[in-house]
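Participant: Dropping a structure here in structure tokens format, bear with me for questions.
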Amino acid sequence: MQFAKLRLALPLTACAVVLCTSALSQETAHVGLFHGEGVVKAIQPGTGALTLDHGDIKGFMPAMEMMYRVRSPELSKNLRPGDTVDFTIDAATDDITEVKLVSHAR
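Next comes the structure, spelled out in structure tokens:
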């Protein structure tokens, strides 16, 4: 009898662990707007997508160089490679929603 209970308890425990892990990963998904600072490495013609070499974006991602879509090509129209920018990124879409020029390339 004890063996039968144990045999039933193990799969139930495994299912509970999987469900809890899944719920936890959804709970810790990144949501909201995050702010960062970086250097423009490239600007995609037409779309205005920006390749940025940025520092840590606290609470969102570590420092890296990466290309990001922009909500509107207007956001990157006055930028050029080497410019330092502050930016806001929407974590749900990974789109840059705002860009502020800090300094032009030298």
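Okay, so the sequence shown: first residue is 8 according to the working numbering, each after it adds one. Backbone N, C-alpha and C fix where the C-beta goes; we use that ideal spot for every residue, glycine too.
Identify which residue in Asp93, Arg76, Leu86, Ala99 has its Cα closest to the Cα of alanine 112.
Facilitator: Indexing the sequence shown from 1 puts residue 112 at position 105. Residue Leu86 is the option with its Cα nearest to alanine 112.
Participant: Please say whether leucine 59 and methionine 73 have beta carbons closer to each other than 8 Å?
Facilitator: The count along the sequence shown starts at 1 and reaches residue 73 at position 66. The count along the sequence shown starts at 1 and reaches residue 59 at position 52. Yes; because the gap between Cβ atoms is below 8 Å, this pair is in contact.
Participant: Determine the extent of the beta strand (DSSP E) in which aspartate 102 is found, giving its start and end residues.
Facilitator: Working through the sequence shown from its first residue, we reach residue 102 at position 95. Counting along the chain, the beta strand (DSSP E) containing aspartate 102 begins and ends at 102 to 110.
Participant: Relative to the alpha-carbon of aspartate 97, which residue among Ser110, Val77, Asp90, Lys107 has its alpha-carbon at the smallest distance?
Facilitator: The count along the sequence shown starts at 1 and reaches residue 97 at position 90. Among Ser110, Val77, Asp90, Lys107, the Cα nearest to that of aspartate 97 is on Val77.
Participant: Who does phenylalanine 94 pair with in a DSSP beta bridge?
Facilitator: Your numbering for residue 94 matches position 87 in the sequence shown. BP columns for phenylalanine 94 point to Gly43, Val106.
Participant: If you follow the beta strand (DSSP E) that glutamate 72 is in, where does it begin and where does it stop?
Facilitator: Against the sequence shown, residue 72 aligns to sequence position 65. 71 to 75 is the span of the beta strand (DSSP E), which, as asked, contains glutamate 72.
Participant: If we ignore side chains and look at the alpha-carbon of each, how far apart do aspartate 101 and histidine 42 end up?
Facilitator: By 1-based counting over the sequence shown, the position of residue 101 is 94. By 1-based counting over the sequence shown, the position of residue 42 is 35. Roughly 12 Å separates the two Cα atoms.
Participant: Which value, in whole angstroms, describes the spacing of the CA atoms of isoleucine 103 and glycine 89?
Facilitator: Stepping through the sequence shown from its first residue, residue 103 is reached at position 96. Stepping through the sequence shown from its first residue, residue 89 is reached at position 82. Whole-angstrom Cα-Cα distance: 18 Å.
Participant: Compare the C-alpha of leucine 108 against each of Leu40, Val46, Pro80 and name the closest.
Facilitator: Looking up residue 108 in the sequence shown gives position 101. Out of Leu40, Val46, Pro80, Val46 has the C-alpha closest to the C-alpha of leucine 108.
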